[in-house]
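For the record, the sequence lines run as chains A and B.
Counting along the first sequence from 1, when you hit position 546 you're at 546 in this note's numbering, and nothing is skipped either side.
Counting along the second sequence from 1, when you hit position 72 you're at 1072 in this note's numbering, and nothing is skipped either side.
Here the structure comes first, spelled out in structure tokens, and everything after it is commentary.
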Amino acid sequence: MKRTCLCCGLIVLFFAATTLCWPAEKAEPGPSDLLTLTGTVNNSQGKGLNDAGLTIVVEGKEIHRVEKILTDEEGSFQYRLALPQGQLSGAKIALEVSKPSYKSSAPIALKRIVFEYKDENGNSHYLAHEDIVLQRAVTAAFWIATLVLLGVYVLIAFELFHRTLAALIGAALLLTVSYTLGTFYPDYFILSFEDAVRAIDMNVIFLLMAMMIIVGVMKKTGVFQWLALKSYEASKGNIYVLCAILMVVTAVISAFLDNVTTMLLVTPVTIEISRALKLNPLTLLLPEVFASNVGGTATLIGDPPNIMIGSYGGLTFMDFVRHLSPICFIVLAVSVVYYIFYFRKEYRKSDAGNVSEMAAALREEYKIKDAKLLKICLIILGITILLFTMHGTLHMEPSIAALIGAGALLVLSGTDIVEMLEHEIEWPTLIFFIMLFIVVGGAESTGLIQVIADGVRDLSKGSLVIAVILILWVSAIASAFIDNIPFTATMLPIVAYLNQTIPGAEGGILWWSLALGACLGGNGTLIGASANVVTVGIAESLGYPVSFVKYMKMAWWPMLISVALCMVWLLVVMM
Amino acid sequence: MGLKSIVCGITGSENSQKAMQFALDLALTNSARLTFIYVVDVGFLKGITIQLTPQYAEEFLERLGNRILDEAMEVASSKGLTAKKVVRKGKVMEEVCKVIKEEKGDILVVGDEGRSFAENVLFGKHLSHTVKEMERLTGVPVKVVR
Chain A
1 MKRTCLCCGL
11 IVLFFAATTL
21 CWPAEKAEPG
31 PSDLLTLTGT
41 VNNSQGKGLN
51 DAGLTIVVEG
61 KEIHRVEKIL
71 TDEEGSFQYR
81 LALPQGQLSG
91 AKIALEVSKP
101 SYKSSAPIAL
111 KRIVFEYKDE
121 NGNSHYLAHE
131 DIVLQRAVTA
141 AFWIATLVLL
151 GVYVLIAFEL
161 FHRTLAALIG
171 AALLLTVSYT
181 LGTFYPDYFI
191 LSFEDAVRAI
201 DMNVIFLLMA
211 MMIIVGVMKK
221 TGVFQWLALK
231 SYEASKGNIY
241 VLCAILMVVT
251 AVISAFLDNV
261 TTMLLVTPVT
271 IEISRALKLN
281 PLTLLLPEVF
291 ASNVGGTATL
301 IGDPPNIMIG
311 SYGGLTFMDF
321 VRHLSPICFI
331 VLAVSVVYYI
341 FYFRKEYRKS
351 DAGNVSEMAA
361 ALREEYKIKD
371 AKLLKICLII
381 LGITILLFTM
391 HGTLHMEPSI
401 AALIGAGALL
411 VLSGTDIVEM
421 LEHEIEWPTL
431 IFFIMLFIVV
441 GGAESTGLIQ
451 VIADGVRDLS
461 KGSLVIAVIL
471 ILWVSAIASA
481 FIDNIPFTAT
491 MLPIVAYLNQ
501 TIPGAEGGIL
511 WWSLALGACL
521 GGNGTLIGAS
531 ANVVTVGIAE
541 SLGYPVSFVK
551 YMKMAWWPML
561 ISVALCMVWL
571 LVVMM
Chain B
1001 MGLKSIVCGI
1011 TGSENSQKAM
1021 QFALDLALTN
1031 SARLTFIYVV
1041 DVGFLKGITI
1051 QLTPQYAEEF
1061 LERLGNRILD
1071 EAMEVASSKG
1081 LTAKKVVRKG
1091 KVMEEVCKVI
1101 KEEKGDILVV
1111 GDEGRSFAEN
1121 VLFGKHLSHT
1131 VKEMERLTGV
1141 PVKVVR
């Protein structure tokens, strides 16, 4: 009781002290006229600039304020300027605007100051509005952000560090420079902590995390491996049919799970089937991984670049289905024919043997392990996909649909959330995305992205056809050799800018060029997509290595064919 | 001096199967103990976006590795030899070295998995370097069967 009284007393004392110590707001000295000043600060593309600092100059003298006048997130500002009565009328008032990485504006005189009314105290009220455009400046921050972005690419490409560490170092470096040198010299200011946090696309992070949970629960049912085994049984020993069914099954699974996960799920049973058929597993694994990358391209959730593009471009699940699924189906059909023809000699040598006997031997291993859990998973997955299809109508971010699915699945399956978070969530991947967004945010904030975007626009000469072709093929070739996640992250603001500046691009066709190029280009080489690396890694660790050149021989041409088909799709059907 | 303990690293490759045959013959000739080893190394997953944890890959590679070793054991048994199988998780070279020490191995037999010159430059060491390093670490000769 005493302790409670003591606590209450201390709280009362604290409030009394703070009330006494708090500086009283200064009353406006005497009667004053008021000018309500509103406006926006934009870059040359019309995008609002946040945190731009404004200085008001009256009759050549700066008005000093205790707090800085800063633009809000949309680049808007509003300020009420009070001057002694009579001084506002006919006064020369100007604005100066500055922001790191932009040229500070010369004093901009307010052209129109409109008289609004006179209040009961005789104070006159005026209104003024000014829209200001700031031009980019190439500062030290620009070069630092460029070097950091390139450095992160190099560290990832040559695996000098784990890619999460590479991105983390990059993000930390940008913020360190901003809050050390940048504090004293604005030219070194790259991005604020608030901007860094804003650059992180939490929709992508939550969507990835939720899908990890859904897959983590679903894998316990054994349904994916069971599907692969069923493909084997359905083929009735016909290796050509088996190849086609496996490719289609892999593509369909991959449309809803990420490609690496899909390959990890179907590879073991594929290897077992191949060994049973006395076939080199690579002759089935390579078509599968190709199909996996194609299937992943078809939906918003199938491949990380699509998740990023969908979130950044505000595209819905159904947008992806409408614009990408048909062409992915065509590409899949063509690649099935290509691979059956390519591996025909190996397939001919295989020993089909007794299918039912072999299947029986594998059935015990690859059976449905938990039928009850599978039912729950399928119902929840169905609801989640339904929510995905409706998220545009509901104005719901796709990550929310996935989180609802993940939450419901955890509750209904009775899975331990702590165990799930500890063992099934790939935290390094999520941290990688977070840090990568910050690094790209730095490049965007300092103007590097705009420089690249201007280059692409100039190269395309403002032609949408050239821009579509350029983005598609550059993305495809780049993704064949470098990680498509940082590439896509860099391309997002570039494409967003081109959508605004190239006539006819408002429909978003360039998003589809980027998605098709970045996702399908990865098929071209062994290192082009994570799914390729993982599949080859598994095959190699079981004694079936494939060389970089050999892989390219098998995958480069079908990749080029698939991108060429996409080009036709984009230019003929979608334009 | 005859060999008392032979360790044979196995995968599903053709050369690995040849290595197994070689190790079997060597064990029979020397009346030596034979240990087959398969190492689950999921290093290739490093830094890759994945909705499943590396443990999942480890589990199925362990299962497939066991299956490959079981087949080798059957071949050994058909020749009247009782071999031992060991499946380990970790880095291949480190784990093989550990097993050689544990089994007091006198020789390591492996198959040549084959890599081109370009890949050795791009992705890592040449087999001969690996063999030399392994010989240095374990102190036993390494026989690579092609």
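Beta carbons are placed, not taken as given, at the ideal position from N, Cα and C, and that holds for glycine.
All figures in this text were calculated on a predicted structure; none of them were measured in a lab.
Original post:
Quick one: which chain B residues come within Cβ less than 7 Å of glutamate 424 (chain A)?
Top reply: Translated into the one-based positions of the first sequence, residue 424 (chain A) becomes position 424. In chain order: Thr1053.
Original post:
At which residues does the alpha helix (DSSP H) containing lysine 372 (chain A) begin and terminate?
Top reply: Against the first sequence, residue 372 (chain A) aligns to sequence position 372. Unbroken alpha helix (DSSP H) run through lysine 372 (chain A): 371 to 390.
**OP:** Report the rounded CA-to-CA distance for leucine 526 (chain A) versus phenylalanine 206 (chain A), giving the unit in angstroms.
**Re:** As a working note, residue 526 (chain A) is residue 526 in the first sequence. As a working note, residue 206 (chain A) is residue 206 in the first sequence. Each residue's Cα considered, the two are about 29 Å apart.
Original post:
How many Å lie between proline 84 (chain A) and leucine 49 (chain A) at the Cα?
Top reply: Taking the first sequence and counting its residues from 1, the one referred to as residue 84 (chain A) is at position 84. Taking the first sequence and counting its residues from 1, the one referred to as residue 49 (chain A) is at position 49. Their backbone Cα atoms lie some 32 Å apart in a straight line.
Original post:
Smallest Cα separation from valine 336 (chain A): which of A:Ala137, A:Phe158 and A:Thr250?
Top reply: Counting from one through the first sequence, the residue named residue 336 (chain A) turns up at place 336. When only C-alpha atoms are compared, the closest one is A:Thr250.
Subject >> Proximity of serine 1013 (chain B) and glycine 1139 (chain B) at Cβ, strictly below 7 Å >> reply: Taking the second sequence and counting its residues from 1, one reaches residue 1013 (chain B) at position 13. Taking the second sequence and counting its residues from 1, one reaches residue 1139 (chain B) at position 139. Not a contact, by the Cβ cut-off of 7 Å.
Subject >> Reduced DSSP secondary structure (H/G/I, E/B, other) of glycine 582 (chain A) >> reply: With chain A covering 1 to 575 only, the question about residue 582 (chain A) has no answer from this structure.
Original post:
Would a C-beta distance cut-off of 7 Å place isoleucine 190 (chain A) and valine 177 (chain A) closer than the cut-off?
Top reply: Within the first sequence, residue 190 (chain A) is the residue found at index 190, counting from 1. Within the first sequence, residue 177 (chain A) is the residue found at index 177, counting from 1. Cβ distance < 7 Å, so isoleucine 190 (chain A) and valine 177 (chain A) count as in contact.
Original post:
Does DSSP put leucine 1003 (chain B) in a helix, a strand or coil?
Top reply: Taking the second sequence and counting its residues from 1, the one referred to as residue 1003 (chain B) is at position 3. Leucine 1003 (chain B): coil per DSSP, three-state reduction.
**OP:** Give a yes or no on whether the minimum CB-CB distance between valine 1121 (chain B) and chain A is below 7 Å.
**Re:** For this step, residue 1121 (chain B) is matched to residue 121 along the second sequence. At valine 1121 (chain B), the pLDDT of 44 sits below 50, so the modelled position is not reliable and the matter cannot be decided from this model.
**OP:** Residues of the region 500 to 534 of chain A with a CB closer than 7 Å to any CB of chain B: list them in chain order, please.
**Re:** Those would be Ser530, Val533 and Val534, in chain order.
Original post:
By Cβ distance below 8 Å, which residues in the same chain neighbour aspartate 119 (chain A) in space, the five residues on each side in sequence not counted?
Top reply: Residue numbering aside, residue 119 (chain A) sits at position 119 when the first sequence is read from its first letter. Here aspartate 119 (chain A) has His125 as same chain residues with Cβ atoms under 8 Å from its own Cβ, once five neighbours each way along the sequence are excluded.
Original post:
Pairing CB atoms from the region 243 to 257 of chain A with CB atoms from the region 280 to 293 of chain A, are three or more of them under 8 Å?
Top reply: yes
**OP:** Quickly, what does DSSP pair glutamate 73 (chain A) with across the bridge? List them, please.
**Re:** Here residue 73 (chain A) is taken as the residue at index 73 of the first sequence, counted from 1. Paired residue(s): none; glutamate 73 (chain A) is not in a bridge.
Original post:
So what does lysine 61 (chain A) bridge to, in DSSP terms?
Top reply: In the first sequence, the residue the question calls residue 61 (chain A) occupies position 61. In the DSSP output, where bridge partners are listed per residue, lysine 61 (chain A) has A:Val58.
Original post:
Is the region 409 to 427 of chain A touching the region 365 to 384 of chain A, taking contact as three or more C-beta pairs under 8 Å?
Top reply: yes
Subject >> Contiguous beta strand (DSSP E) assignments of at least 3 residues, all confined to the region 1011 to 1098 of chain B >> reply: 1033 to 1040 and 1084 to 1089
Original post:
alanine 298 (chain A) lies in the alpha helix (DSSP H); which residues open and close that run?
Top reply: Taking the first sequence and counting its residues from 1, the one referred to as residue 298 (chain A) is at position 298. Element bounds for alanine 298 (chain A): n/a, residue is neither H nor E.
Subject >> Contact with chain A by leucine 1064 (chain B), beta-carbon distance below 7 Å >> reply: By 1-based counting over the second sequence, the position of residue 1064 (chain B) is 64. So, interface residue.
Original post:
Can you pull the DSSP bridge partners for valine 1142 (chain B)?
Top reply: As a position in the second sequence, residue 1142 (chain B) is number 142, starting the count at 1. The bridge partners DSSP lists for valine 1142 (chain B) are B:Leu1108.
**OP:** Check valine 97 (chain A) in the structure and name its three-state DSSP category.
**Re:** Numbered from 1 along the first sequence, position 97 holds the residue referred to as residue 97 (chain A). Strand.
Subject >> Complete alpha helix (DSSP H) runs within the region 380 to 446 of chain A (minimum length 4 residues, chain order) >> reply: 398 to 413, 417 to 423 and 427 to 446
Subject >> Assigned secondary structure, lysine 118 (chain A) (DSSP; H/G/I helix, E/B strand, else coil) >> reply: Start at 1 with the first residue of the first sequence, and residue 118 (chain A) comes out as number 118. Strand, per DSSP.
Original post:
Shorter than 7 Å from the beta carbon of leucine 264 (chain A) to some beta carbon of chain B?
Top reply: Here residue 264 (chain A) refers to the residue found at position 264 of the first sequence. With 7 Å as the cut-off, leucine 264 (chain A) counts as an interface residue toward chain B.
Original post:
On the three-pair Cβ rule with 8 Å, is the region 1002 to 1013 of chain B touching the region 1052 to 1063 of chain B?
Top reply: By the Cβ test, the region 1002 to 1013 of chain B is not in contact with the region 1052 to 1063 of chain B, since fewer than three Cβ pairs between them sit closer than 8 Å.
Original post:
Closest Cβ-Cβ distance between proline 287 (chain A) and chain B: below 7 Å?
Top reply: For the purposes of this step, residue 287 (chain A) is taken as the residue at position 287 of the first sequence. Chain B contact via Cβ: absent.
Subject >> Start and end residues, alpha helix (DSSP H) containing histidine 323 (chain A) >> reply: Here residue 323 (chain A) refers to the residue found at position 323 of the first sequence. Segment 317 to 342, the alpha helix (DSSP H) holding histidine 323 (chain A).
**OP:** For glutamate 194 (chain A), name the three-state secondary structure that DSSP assigns.
**Re:** Translated into the one-based positions of the first sequence, residue 194 (chain A) becomes position 194. In this structure, glutamate 194 (chain A) counts as helix in the three-state DSSP scheme.
Original post:
Is there a Cβ from chain A that is less than 7 Å from the Cβ of glutamate 1113 (chain B)?
Top reply: The count along the second sequence starts at 1 and reaches residue 1113 (chain B) at position 113. Yes, contact with chain A.
**OP:** Give the single residue among A:Ile471, A:Phe548, A:Leu300 and A:Lys230 whose Cα lies nearest to the Cα of leucine 579 (chain A).
**Re:** The displayed coordinates of chain A run from 1 to 575. Any statement about residue 579 (chain A) would go beyond what the structure contains.
Original post:
Are the beta-carbon atoms of serine 254 (chain A) and glycine 295 (chain A) separated by less than 7 Å?
Top reply: Translated into the one-based positions of the first sequence, residue 254 (chain A) becomes position 254. Translated into the one-based positions of the first sequence, residue 295 (chain A) becomes position 295. In contact: serine 254 (chain A) and glycine 295 (chain A) (Cβ atoms closer than 7 Å).
**OP:** Using beta-carbon positions only, say whether isoleucine 425 (chain A) and glycine 405 (chain A) come within less than 7 Å of one another.
**Re:** For the purposes of this step, residue 425 (chain A) is identified with residue 425 of the first sequence, where counting begins at 1. For the purposes of this step, residue 405 (chain A) is identified with residue 405 of the first sequence, where counting begins at 1. No.
Original post:
Can you name the start and end residues of the alpha helix (DSSP H) that glycine 222 (chain A) belongs to?
Top reply: Counted from its first residue, the first sequence places residue 222 (chain A) at position 222. No alpha helix (DSSP H) contains glycine 222 (chain A), which DSSP labels as neither H nor E.
Subject >> Proximal residues of chain A, C-beta to C-beta of lysine 1089 (chain B) below 8 Å >> reply: Residue 1089 (chain B) sits at position 89 when you count from the first residue of the second sequence. Close partners of lysine 1089 (chain B) in chain A (Cβ separation under 8 Å) are lacking, with about 11 Å as the shortest Cβ gap.
**OP:** For the region 216 to 244 of chain A, enumerate the residues whose C-beta is nearer than 8 Å to any C-beta of chain B, in chain order.
**Re:** Residues Gly216 and Lys219.
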